[in-house]
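In this note's numbering, the protein residues as written are 67 to 297.
Following: one structure in C-alpha cells, then a few remarks.
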Ligand code: AMP
C-alpha cells in the first residue's frame, strides 16, 4: 500500500490520461491555473488565444486573417477556431492528456468538440466583471517570450522588463476598455450557454477565482478528486 500523497502514489495517479476544458471570463486565471495543473499532471496546455496571438506576432496567413477581429475583442470565425483546435490535437503529443483553454466559446464549438473528443471535466472559474476589469487592465505580456505578468500581484523585478528574457512588457492589443467591453459581452452571450451544455452532462466543477492562485488551484484539485497541490 502506497501512502497517501507520497511521490510513488502521485506518479501512479498521474499516469491515467485526462482531458479537461477550462472556462471562465477574461482575467479569471485560466492560463495560470491550466499551467499549474498541466505541469504536475503532464498535460499539454492548449490555449487557443495563444495560438492565434503567435500567428499574429509571426505574421502568418492565419495571423493576418484574425488580427483585426482579435484587436476588437470579437470572436474569430468558428471554422478558423475549430481548425486550430483540430490541427493542434492531431499532433498527438498529449500522452497523459490535455487541458484546453479558450475553447469551446459558443454552442457550435461545443458541439464540434463533444462530437470529436470525450472529456473528463470542465473547470469553470467564476469572477465578477468588476474584478475582471481590474485584473485585465493590470495584465502585461513580454513581447519577446510571451511570459505573463500582472501588476497587482506578479510584477516584474524591473519595471517594464521581462524577468526571464529582458524583453519589453506590453499590454495585449485587446486589453483595452473598449475591447474588454466587447469581450465581456461576447462571453456572457455566447460562452455561458456552453456551460449549460456541459452541465447537462454533469462535467462542470465551479470554482471561485477570487482567492490567490494557490488556493484556486487547490480548490480545483479537490473538486476534480486529484492529488493536492504541492505548490
Ligand atoms: P483569449 O486569449 O482566450 O482571451 O483569446 C484572445 C482572442 O482570440 C479572442 O478574443 C478571440 O478573438 C480569439 N479566440 C480565442 N479562442 C477563440 C475561440 N474558441 N473562438 C473564436 N475566437 C477565439
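Cβ coordinates follow ideal geometry from the N, Cα and C atoms, glycine included.
- Counting along the chain, residue 179 sits inside the alpha helix (DSSP H) bounded by residues 173 to 182.
- By the 16-neighbour rule on beta-carbons within 10 angstroms, residue 218 is exposed.
- Secondary structure of residue 135 (DSSP, three-state): helix.
- Each residue's CA atom was taken as its position, placing residue 111 and residue 286 some 16 Å apart.
- Three or more Cβ pairs closer than 8 Å define a contact, and the segment 176 to 190 meets that threshold against the segment 262 to 272.
- Per DSSP, the unbroken beta strand (DSSP E) holding residue 208 starts and ends at 205 to 208.
- The Cβ atoms of residue 295 and residue 106 lie closer than 9 Å to each other.
- Per the DSSP secondary-structure output, residue 215 pairs in a beta bridge with 206.
- With a cutoff of 9 Å on beta-carbon distance, residue 159 and residue 88 are scored as not near each other.
- With 16 or more other Cβ atoms from the protein chains shown falling within 10 Å of its own Cβ, residue 94 counts as buried.
- Sixteen is the threshold: when 16 or more other Cβ atoms of the shown chains lie within 10 Å of the Cβ of residue 170, as they do, the residue is buried.
- As the crow flies, the alpha-carbon of residue 132 is around 7 Å from that of residue 118.
- Sixteen is the threshold: when 16 or more other Cβ atoms of the shown chains lie within 10 Å of the Cβ of residue 90, as they do, the residue is buried.
- 176 is the residue among 154, 243, 164 and 176 whose C-alpha sits nearest the C-alpha of residue 262.
- Remark: C-beta atoms of residue 192 and residue 250 do not approach each other more closely than 9 Å.
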